[in-house]
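Colleague:
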Amino acid sequence: MKFDTPATTNPIDQLKVIGKPLDRIDGPLKTTGRAPYAYERHDAIPDIAYGYVVGAAIAKGRITSMDLSRAKAAPGVLAIVTAAEAGKLAKGDFNTAMLLGGPEIQHYHQAVAIVVAETFEQARAAAGLVKVDYERAKGTFDLASAKDGATKPKDGGPDSAVGDFEAAFAAAPVKLDETYTTPDQGHAMMEPHASIAAWKGDKLSLWTSNQMIAWGAGDVAKTLGVPRENVRLMSPFIGGGFGGKLFVRADAILAALGAKAAGRPVKVALTRPFMFNNTTHRPATIQRIRIGTDRAGKITAIGHESWSGDLPGGGPETAVQQTRLLYAGENRMTKTRLAVLDLPEGNAMRAPGEAPGLMALEVAVDELAEKLGIDPVEFRVLNDTQVDPEKPSRPFSQRRLNECLRTGADKFGWSRRAKPGQVRDGRWLVGMGVAAAFRNNLVMKSAARVRLETSGVVTVETDMTDIGTGSYTIIAQTAAEMMGVPLTRVNVRLGDSSFPVSAGSGGQWGANSSTAGVYAACVKLREAVAGKLGLDAAQAQFADGRVKVGNQSLPLEQAAASGPVTAEDFMEYGDLTKTHQQSTFGAHFVEVGVDADTAEIRIRRMLAVCAAGRILNPKSARSQVIGAMVMGAGAALMEELVVDKRIGFFVNHDLAGYEVPVHADIPHQEVIFLDETDPMSSPMKAKGVGELGICGVGAAVANAIYNATGVRVREYPVTLDKLL
Ligand code: MOS
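With this note's numbering, the residue at position 579 of the sequence shown is 588, and numbering never jumps.
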């Protein structure tokens with residue numbers, strides 16, 4: 010099915026199941042420990058051996074020699090695979106560095122060997138006996154000093170220019186020119202990267218933790234040089250990804266290599282201290298923002314330049330993305346520059362681009378509002394645009410940013426906000442901050458198979474993943490709504506490369522795109538069912554487990570009396586994103602307290618107001634947004650991978666040194682969804698919220714700290730030492 014005209018009324022609009030705040034259907038499996046995560050498939054796979062990964066101890070250079078003799082002789086060891094043993098491996102389409110390095114070393118903790126043994130302890134002990142000698146090469150590890158050599162990236166960051174930014178900025182009576190920095194950040198998801206590989210002849214079964222099944226299966230095949238159809242990748246449950254599991258990592262490839270060498274299934278989990286340098290991270294940025302306004306506060310010039318670094322062949326953090334679309338202004342400019350750094354691979358992390366971009370832009374906007382003496386909510390409202398500011402003939406499909414800001418201001422008690430440093434509560438200086446939230450709404454082709462079983466149960470199969478987001482539940486809701494059955498009569502099977510290829514979980518496109526694919530398959534199943542029952546499909550209504558036309562009413566399962574009825578289809582997208590800009594919007598409000606003596610920073614309250622199309626399940630959507638707000642609070646106050654600029658690695662590579670918020674850090678959160686449907690997004694009229702929720706949070710926190718203390722910090726994270 011192709012979606013190329015705005016959605017009209019369709020069965021989803023009945024809202025009998027869709028739009029309800031239902032508990033997640035996989036909840037009981039998770040809370041009772043029965044959800045089969047990748048590392049836990051003891052039930053399905055007998056005789057599993059354990060793999061332990063050895064990582065490079067240098068950031069850049071070459072392996073001059075490897076001595077495996079002591080490790081090979083260690084108790085329980087079954088096999089050791091290095092690049093020399095593995096033969097020629099290819100680089101996948103999605104990773105920048107080789108997932109098994111050697112002799113060339115491209116980054117610290119790049120995998121150089123896997124040791125396979127009978128037990129985990131034996132594999133770990135033997136891994137410690139692998140002796141590697143290196144020849145260290147000089148690397149570049151400091152973004153600030155590499156910045157001047159940065160160049161225009163091949164993709165991911167075209168420069169943009171409208172009007173004459175430089176002249177308009179020079180002439181503006183009120184202007185701001187500031188530079189902001191965001192640090193390297195790690196995904197730090199709860200479940201580490203983990204895989205079990207089992208070969209049957211030349212066919213590989215790989216249970217892994219991966220957001221994008223089809224990309225993953227393709228890259229495993231490519232890396233190992235085996236036919237794509239010989240790889241089956243399964244990832245039915247995932248303990249968080251945040252972009253760190255968009256692509257297969259060393260655990261998957263090395264489990265496959267280890268299993269081949271050992272002639273046994275092999276499981277590999279990357280240990281927590283290994284993950285931060287071995288896998289990917291959100292790259293640090295340096296962002297210069299210049300904004301000029303007239304005396305009334307209308308933006309006349311807006312410019313945003315961003316620098317980030319990555320390994321050779323890598324891409325930039327596209328931190329200027331939102332600045333091209335968020336505010337009006339006739340003269341505009343953005344530039345993205347990429348430096349070569351020999352740190353571990355940079356890549357996507359929750360709302361890549363916008364998350365760090367808004368951490369800078371929305372502080373700049375706060376600073377400018379203050380210069381103008383305009384309330385920061387009003388300043389944003391004043392500079393709203395209902396069209397793409399680079400291309401005014403192209404409207405937003407929906408854009409209710411102002412309503413988000415005004416609703417939030419009202420609910421949060423924004424009118425009580427005082428001038429900086431004026432509000433005291435005991436030893437706490439108290440302040441409020443606001444920021445706009447913005448994230449694009451991408452749509453992706455997504456397929457599904459649905460089957461009416463003879464029992465009357467509807468089975469849905471798609472390779473979509475549920476990374477903790479609630480995909481199982483919203484997909485079940487979609488099928489239930491379309492087929493007119495209760496949720497309990499829908500069985501959802503996800504995360505298997507033998508199922509039709511879905512949109513996968515990335516870029517907050519998963520919810521809308523994957524359910525749209527299920528919608529398309531259900532449209533076909535409805536036709537097939539009506540046909541079997543001898544009813545006119547165009548007239549048929551599916552409700553209460555029955556199919557009705559006029560006063561005829563038949564039980565749904567009667568269509569499957571002689572066997573299951575199956576339908577498969579996909580949703581793909583036409584040109585609506587060319588004629589209309591599709592984005593999601595929100596406003597974040599934060600209240601903080603800052604200890605007047607020690608500068609300890611505590612968040613007191615958080616509110617998000619979101620306008621993101623139809624909310625398919627307000628409960629799971631709220632969970633997405635509050636989780637993202639927590640992550641935004643971490644970005645504002647704690648998260649920073651500290652670079653050792655001599656050796657070239659992230660020093661604080663565990664959860665003791667890499668701090669993320671805990672419950673005590675987030676006392677109160679509220680989320681409001683504006684009632685919205687977007688007919689341009691898909692027949693579901695939905696959009697994504699999982700990334701919108703983090704966008705702008707960091708700036709709202711930083712702005713609240715400024716309002717509490719009068720101290721402006723432009724280097725994240727905002728830690729207490731920067732306030733003293
Ligand atoms: Mo996302 S960073 O596309 O998982």
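Every residue gets a Cβ at the ideal spot worked out from N, C-alpha and C, and that includes glycine. Because the structure is a prediction, the values reported are computed rather than measured.
Which first and last residues belong to the alpha helix (DSSP H) in which I635 is found?
Modeller: Taking the first residue of the sequence shown as 1, we reach residue 635 at position 626. First-last of the alpha helix (DSSP H) with I635: P627 to L646.
Colleague: Do Q220 and ligand 1 come close, with the Cβ less than 7 Å from some heavy atom?
Modeller: Your numbering for residue 220 matches position 211 in the sequence shown. Relative to ligand 1, the beta carbon of Q220 is positioned inside 7 Å of a heavy atom.
Colleague: List in chain order: all unbroken alpha helix (DSSP H) runs of 4+ residues lying wholly within the segment 120-173.
Modeller: 129-136 and 152-155
Colleague: Should A357 be listed as close to ligand 3, given that the test is whether its C-beta is under 7 Å from any heavy atom?
Modeller: Absence of ligand 3 from the depicted structure is noted, with ligand 1 being the only ligands included.
Colleague: Sort D375, A488, A568 and R258 by Cα distance to M107 and report the nearest one.
Modeller: For the purposes of this step, residue 107 is taken as residue 98 along the sequence shown, with counting starting at 1. That would be R258, whose Cα lies nearest to the Cα of M107.
Colleague: Compare the beta carbon distance of R409 and Q517 with 8 Å and say whether it is the shorter of the two.
Modeller: In the sequence shown, residue 409 corresponds to position 400, counting from 1. In the sequence shown, residue 517 corresponds to position 508, counting from 1. No.
Colleague: Contact between the segment 628-647 and the segment 679-688: three or more CB pairs below 8 Å?
Modeller: Contact between the segment 628-647 and the segment 679-688 is present: 3 or more CB-CB pairs across the two stretches fall below 8 Å.
Colleague: Consider the C-beta atom of P361 and the heavy atoms of ligand 1; say whether any pair is separated by less than 7 Å.
Modeller: Position 352 of the sequence shown, counted from the start, is the residue given in the question as residue 361. Result yes, Cβ under 7 Å from ligand 1.
Colleague: With DSSP collapsed to three states, give me the class of I222.
Modeller: Here residue 222 corresponds to residue number 213 of the sequence shown, with the count starting at 1. Assigned with DSSP and collapsed to three states, I222 falls in helix.
Colleague: Between the Cα of T91 and the Cα atoms of V62, V634 and T586, which residue gives the shortest distance?
Modeller: Your numbering for residue 91 matches position 82 in the sequence shown. Closest option to T91, judged by alpha-carbon separation, among V62, V634 and T586: V62.
Colleague: Return the first residue and the last residue of the alpha helix (DSSP H) that F421 is part of.
Modeller: Here the question's residue 421 lines up with position 412 in the sequence shown. L410 to F421 is the extent of the alpha helix (DSSP H) around F421.
Colleague: Is the segment 591-610 touching the segment 431-445, taking contact as three or more C-beta pairs under 8 Å?
Modeller: yes
Colleague: Sorted by chain position, which residues of the same chain lie with C-beta nearer than 7 Å to P292's C-beta, five sequence neighbours on each side aside?
Modeller: Taking the sequence shown and counting its residues from 1, the one referred to as residue 292 is at position 283. So the qualifying residues of the chain are D193, S317, G318, D319, E326 and G355.
Colleague: Run through DSSP, which three-state label would T40 get?
Modeller: Locating residue 40 in the sequence shown gives position 31, where the first residue counts as 1. T40: helix per DSSP, three-state reduction.
Colleague: Does the count of Cβ pairs from the segment 365-383 and the segment 342-349 closer than 8 Å reach three?
Modeller: no
Colleague: Along the chain, where does the alpha helix (DSSP H) that runs through P385 open and close?
Modeller: Here residue 385 refers to the residue found at position 376 when the sequence shown is read from its first residue. Unbroken alpha helix (DSSP H) run through P385: P385 to L391.
Colleague: Report the residue from L213, S244, M491 and N19 whose alpha carbon sits nearest the alpha carbon of P236.
Modeller: Against the sequence shown, residue 236 aligns to sequence position 227. Looking at the Cα atoms, L213 is the closest of the given residues.
Colleague: What's the gap between the Cα of E127 and the Cα of M647?
Modeller: For the purposes of this step, residue 127 is identified with residue 118 of the sequence shown, where counting begins at 1. For the purposes of this step, residue 647 is identified with residue 638 of the sequence shown, where counting begins at 1. Cα to Cα, E127 sits roughly 40 Å from M647.
Colleague: Taking only three categories from DSSP, how would you classify A99?
Modeller: By one-based count along the sequence shown, residue 99 stands at place 90. Residue state, collapsed to three classes: coil.
Colleague: Going by beta carbon distance, what residues of the same chain come within less than 8 Å of Q548, once the five residues before and after it are set aside?
Modeller: Mapped onto the sequence shown, residue 548 falls at position 539. Cβ contact annotation for Q548 (same chain, cutoff 8 Å, sequence separation greater than five): V558 and G559, in chain order.
Colleague: Going straight from the alpha carbon of N521 to that of V86, what length do you get?
Modeller: Taking the first residue of the sequence shown as position 1, residue 521 is located at position 512. Taking the first residue of the sequence shown as position 1, residue 86 is located at position 77. Spanning the two alpha carbons is a distance of roughly 47 Å.
Colleague: My output table needs one value for Y77: the three-state DSSP class, helix, strand or coil.
Modeller: The residue labelled residue 77 in the question sits at position 68 within the sequence shown. According to the sequence provided, residue 77 is Leu. The question's Tyr does not apply to it. Looking at L77 - three-state DSSP - the assignment turns out to be coil, as it is neither helix nor strand.
Colleague: Does H118 pass the burial test, meaning 16 or more other C-beta atoms within 10 Å, or should it be called exposed?
Modeller: Walking along the sequence shown from the start, residue 118 turns up at place 109. When all chains shown are included, H118 counts as buried.
Colleague: Taking the continuous beta strand (DSSP E) assigned at K587, which residues delimit it?
Modeller: Locating residue 587 in the sequence shown gives position 578, where the first residue counts as 1. It is not in any beta strand (DSSP E) - K587 instead sits in the alpha helix (DSSP H) that spans L585 to T588.
Colleague: Please state whether DSSP places L461 in a helix, a strand or coil.
Modeller: Translated into positions along the sequence shown, residue 461 becomes position 452. L461: strand per DSSP, three-state reduction.
Colleague: Measure the CB-CB distance between E577 and A530 and report whether it falls below 8 Å.
Modeller: Translated into positions along the sequence shown, residue 577 becomes position 568. Translated into positions along the sequence shown, residue 530 becomes position 521. Yes. Within cutoff.
Colleague: Is it buried or exposed, P692, if we count other Cβ atoms within 10 angstroms and call 16 or more buried?
Modeller: As a first step, residue 692 is located in the sequence shown; it is residue number 683 there, counting from the start. Per the 10 Å Cβ criterion, buried.
Colleague: Output yes or no for whether 8 Å exceeds the beta carbon distance between Y725 and T289.
Modeller: In the sequence shown, counting from the first residue as 1, residue 725 sits at position 716. In the sequence shown, counting from the first residue as 1, residue 289 sits at position 280. No, Cβ-Cβ distance for Y725 and T289 is not below 8 Å.
Colleague: Please check the pair I21 and P274, which I expect to be a contact at CB under 8 Å, by giving their CB distance rounded to whole angstroms.
Modeller: Within the sequence shown, the letter at position 12 stands for residue 21. Within the sequence shown, the letter at position 265 stands for residue 274. In fact, because the Cβ distance is near 42 Å, the residues do not count as touching under 8 Å.
Colleague: Please confirm if the segment 379-396 is in contact with the segment 195-208, defined as three or more CB-CB distances below 8 Å between the two stretches.
Modeller: no
Colleague: To the nearest angstrom, report how far apart T332 and G622 are at their CA atoms.
Modeller: Start at 1 with the first residue of the sequence shown, and residue 332 comes out as number 323. Start at 1 with the first residue of the sequence shown, and residue 622 comes out as number 613. Going from the Cα of T332 to the Cα of G622 covers about 22 Å.
Colleague: Let me know the secondary structure DSSP gives E238 once reduced to three states.
Modeller: The residue labelled residue 238 in the question sits at position 229 within the sequence shown. DSSP, read as helix, strand or coil, puts E238 in helix.
Colleague: Could you check where the alpha helix (DSSP H) with M368 kicks off and where it finishes?
Modeller: The count along the sequence shown starts at 1 and reaches residue 368 at position 359. Residues E363 to L381.
Colleague: Taking only heavy atoms of ligand 1 into account, decide whether any of them is closer than 7 Å to the Cβ of F129.
Modeller: Here residue 129 corresponds to residue number 120 of the sequence shown, with the count starting at 1. Answer for F129: no, Cβ out of range of ligand 1.
Colleague: Between F508, I484 and S514, which has its C-alpha nearest N500's C-alpha?
Modeller: Against the sequence shown, residue 500 aligns to sequence position 491. Of all alpha-carbon atoms in F508, I484 and S514, the one lying nearest the alpha-carbon of N500 is that of I484.
Colleague: With distances taken between CB atoms, is the gap from D553 to P509 smaller than 8 Å?
Modeller: Here residue 553 refers to the residue found at position 544 when the sequence shown is read from its first residue. Here residue 509 refers to the residue found at position 500 when the sequence shown is read from its first residue. No, the Cβ-Cβ distance between D553 and P509 is not below 8 Å.
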